[in-house]
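A short worksheet on the structure shown next.
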Amino acid sequence: MEIRRFLKIACLILMIPLALTGQEKVRIKKIQFITAAPGGEAAWNAVRKGDKLYARGPAYYRDARIEYLKAYAYNDKNAALNYKIGICYLYADEKKEALKYLQKAFEINNNITRDIHLQLGRAYHMNLDFDNAIKEYRLFKSGLTARMLKKIPYNIDQLIEQCETGKQLVAEPKRVVVQNLGVGINSEYDDFYPVLTAKEDVLFFTSRRPSKYNTKRNPLDQKFSEDIYVSKKTAHDWTPPQLVDKRLTSKRNEAAVAVSPSGDTLYIYRSKGNGNIYYSIKDGSRWSGTHAFRRINTRGSRETSLCFSPDGKMLFFVSDADYKGAVGGKDIYYCQRDEDGDWSKPVNMGPLINTPYNEEGVSMSPDGKTLYFSSKGHPGMGGYDIFYTTRTESGWSKPVNMGYPINTPDDDLFYLPLSSGKLAYVSSNRENTVGGKDIYKIIFLGAAKEFVSLGEASPLAFELYDRPSIKQVPISVLAIDSSLVLMGKILDSETKKGLMAKIQIIDSEKSKVVATMISDSMGNYRTQLPERKAFGVEINTRGYLLYLGVVDLTKEKGDIIQKDFLLQPLAVGAKVVLKNIFFETGKAVLKEESYQQLNNVLAFLKENPTLRLEISGHTDNVGGLAYNLRLSEARAKAVVTYLVENGIDKSRLTYKGYGPHQPVASNKTADGRALNRRVEFKITGM
360 MEIRRFLKIA CLILMIPLAL TGQEKVRIKK IQFITAAPGG EAAWNAVRKG
410 DKLYARGPAY YRDARIEYLK AYAYNDKNAA LNYKIGICYL YADEKKEALK
460 YLQKAFEINN NITRDIHLQL GRAYHMNLDF DNAIKEYRLF KSGLTARMLK
510 KIPYNIDQLI EQCETGKQLV AEPKRVVVQN LGVGINSEYD DFYPVLTAKE
560 DVLFFTSRRP SKYNTKRNPL DQKFSEDIYV SKKTAHDWTP PQLVDKRLTS
610 KRNEAAVAVS PSGDTLYIYR SKGNGNIYYS IKDGSRWSGT HAFRRINTRG
660 SRETSLCFSP DGKMLFFVSD ADYKGAVGGK DIYYCQRDED GDWSKPVNMG
710 PLINTPYNEE GVSMSPDGKT LYFSSKGHPG MGGYDIFYTT RTESGWSKPV
760 NMGYPINTPD DDLFYLPLSS GKLAYVSSNR ENTVGGKDIY KIIFLGAAKE
810 FVSLGEASPL AFELYDRPSI KQVPISVLAI DSSLVLMGKI LDSETKKGLM
860 AKIQIIDSEK SKVVATMISD SMGNYRTQLP ERKAFGVEIN TRGYLLYLGV
910 VDLTKEKGDI IQKDFLLQPL AVGAKVVLKN IFFETGKAVL KEESYQQLNN
960 VLAFLKENPT LRLEISGHTD NVGGLAYNLR LSEARAKAVV TYLVENGIDK
1010 SRLTYKGYGP HQPVASNKTA DGRALNRRVE FKITGM
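In our numbering, the protein residues as written are 360 to 1045.
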């Protein structure tokens, strides 16, 4: 829905070096790749392919990045190559990954481009390192004249303000858990704009995944068109998404934006013309063709989002039409329904709600008292942030930022509150994405428990009172729940140097990620955990073997637990045991709780596109040898099949079943046999 506008801005951003220096491109020199060392010719060919894709603009950056990373495996000391890889991350998906490459480019050549400080600022910004982002933005600004500042597409002062806001929001995070809906709903493509029926048992959402009706990529952004998918709630999960109806699928973009309480009228954004709102009525199991929502659509304008009040008497929508009272960009409007069922003329919500920038993604709380929307103009962390405004007797209140981690420095859109008040959905592109934009569930934890004192405090109580969130109340009962903190360092196993890495803490019993964080450049990490139990730990960073382990808090004393993790550099022959891979008993059928682990292997392979792996299955010595060999090979094959079906080239993978022939523990004990029943991967090529 924002394709043209995004590409226009992104292209302008990349023209900054042209405007400042007249430099047409950052050149990677052939002499640094054609050497006597084997692999130089292949690396240079990868550079040439990458450069051709890079020159075509942001739509091709993901493909350019794949080629550049092949060359990077041969020569990681080239400043221009590091810069281009950084740009390919920063202006496509996985923006946080840009930082280490841009840092390295600057370390090698601090004059690599005139815009290096701007790009470093953006990368620090995306990594929540707001102080360094502000420093880089100011360095960039200091090198420009007033005339130059007017020509660049960024408002540097606004970026600095976003960082200042981000510091405040991150310092006081909201008590929520943000959880990816997983591969059951999300895909490696963009998935966004969740819409629920009143019973919250049918989910409509928009996806840019391919289908039999959607086989060609849009030349503007190299993505497939937007289509509407539907999934139904079961006792434990959502059914596999299906295209809602071929009548609602075309070569254009279609996105579900609202549904009637009964679920029989679906409101749709369709990119016909400039883009307007349509609706379709369900008759039995089929949906009708679309009809224009004429009351809100305006010729020559774009209407992109819509919601209704619970009583059906008001609607709110987003439009860039030049209605009376328009503030600028895309604004939020409302209409009221009269006794005859007709809608009034649209009314702008005014400058308290709307800004000169864009607003988007309106939704309303089930009680009809709170309107949620995303904005680029109100004080936020960057991109679109989610805000809410409350209906009062005198009108609508001043919008309030929903806070971190609901909001991030990237675009956070299409917030959808559920009736319980304890859950919501949001669309975003953040650390644990399956691919591109994903749909996330937000779980509200409620107010922090209050700690109270009887007078003489225990050492534990005193320590807790010292924290800013704790408040003393002089009553006669003492109630203390411990708050567990896991902290430590991520280190290179050989040099003991600190590493920046992505860390996920997983509740294996619930197959749920309970914490995701990025260690700093010194390797430091810190997180709070909900209870004292054993958690899975998955750590991933480029150039190192994927770490899969367990931290057992039941064996640790105290509430602050120190744990360092050592990562092995990538090397042929290195092995990793895939923990938390489960099969149906006696079969080679993967259980759903295995997907979290396998998705991390997917991410590892995509981040290291030159690696080749052998997936191996192993058993204990219980049962017949022939049976164990067949079962272990079938299970290894099942893992390979999952990886290939999710985008890994099958030429990079082999599989083999070893049965009981490679034990890692004694088969005389139950614990030893459990360790021997495993799936591993081994690096066979780089």
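The beta-carbon is built from N, C-alpha and C at its ideal position, and this holds for glycine as well. Given the structure is predicted, the values throughout are model-derived calculations rather than measurements.
One Cα belongs to ILE865, the other to GLN538, and the distance between them is close to 11 Å.
Taken through DSSP and simplified to helix, strand or coil, GLY857 comes out as strand. The Cβ neighbour count for ILE802, taken over all protein chains shown within 10 Å, is under 16; the residue is labelled exposed. For the pair GLN462 and ASN434, the Cα-to-Cα distance works out to about 16 Å. The Cβ atoms of SER647 and ILE640 lie closer than 8 Å to each other.
In chain order, GLY409, LEU412, TYR413 and CYS447 place their CB closer than 6 Å to the CB of ALA423, counting only its own chain and leaving out the 5 sequence neighbours on each side.
In the structure shown, VAL686 falls within a coil segment according to DSSP collapsed to helix, strand and coil. Minimum Cα-Cα distance from TYR626 among the listed residues TYR903, LEU674, ILE493 and ASP1008 corresponds to LEU674.
Cα atoms of ARG901 and PHE924: separation of roughly 16 Å, rounded to the nearest angstrom.
In this structure, GLU897 is the residue among GLU897, TYR442, TYR884 and ARG658 with its C-alpha nearest to the C-alpha of ASN939. Closest by C-alpha distance to ILE798, out of ILE765, ALA1033, LEU804 and SER779, is ILE765. Secondary-structure assignment with DSSP links ARG645 through a beta bridge to ASP642. For ASP422, the secondary structure class from DSSP, reduced to helix, strand or coil, is helix.
Between PHE499 and ILE515, the C-beta spacing is below 8 Å. PRO578 is the residue among ASP560, PRO578 and CYS522 whose C-alpha sits nearest the C-alpha of ARG415. Apart from sequence neighbours up to five positions away, the residues of its chain that approach ALA438 with a beta-carbon distance below 6 Å are ALA464, ILE467, ASN468 and ILE471, ordered along the chain. Straight-line spacing of the CA atoms in SER570 and TYR548 works out to 12 Å. Counting along the chain, the unbroken alpha helix (DSSP H) around HIS484 starts and ends at 475-485.
Annotation for GLY1031: no beta strand (DSSP E) segment contains it, though the alpha helix (DSSP H) segment containing it runs 1029-1035. Close CB contacts of SER867 within its chain, under the 7 Å cut and outside five residues either way in sequence, are with GLY895 and ASN939 (chain order). Excluding sequence positions up to five before and after THR886, its CB lies within less than 6 Å of the CB of LEU845, ALA874 and MET876, all in the same chain and listed in chain order. Counting only runs of 3+ residues, the beta strand (DSSP E) found wholly inside the region 655-709 occupies 662-667, 673-678 and 690-695, in chain order. Within a 10 Å sphere around the beta-carbon of LEU711 sit fewer than 16 other beta-carbons, which makes this residue exposed. A direct Cα-to-Cα measurement between GLY643 and GLY622 gives close to 12 Å.
Looking at the backbone, the Cα of LEU907 and that of VAL936 are separated by about 7 Å. Of all alpha-carbon atoms in ASP690, LEU926 and GLY671, the one lying nearest the alpha-carbon of GLU698 is that of GLY671. When the Cα atoms are used, LYS429 and ASP1008 turn out to be separated by approximately 15 Å. For GLN478, same chain residues with a beta-carbon under 7 Å away, outside a window of 5 residues either side, are GLY445, ILE446, LEU449 and LEU461 in chain order. In the three-state DSSP reduction, GLY445 falls in the helix class (H, G or I).
Each residue's CA atom was taken as its position, placing ASN980 and GLY1016 some 14 Å apart. Closest by C-alpha distance to TYR513, out of GLU973, THR663, ASN486 and GLY480, is GLY480. From the listed residues PHE963, VAL618 and TYR774, the smallest Cα separation to THR556 is found for VAL618. Distances from the CA of VAL603 to each of LYS610, ALA594 and ALA614 were compared; the closest alpha carbon is that of ALA614. The closest CA to that of ARG534, considering only GLU456, TYR763, SER566 and ARG506, is found on TYR763. A Cβ-Cβ contact shorter than 8 Å links VAL589 with VAL561.
Annotated three-state conformation of LYS389 is helix, per DSSP.
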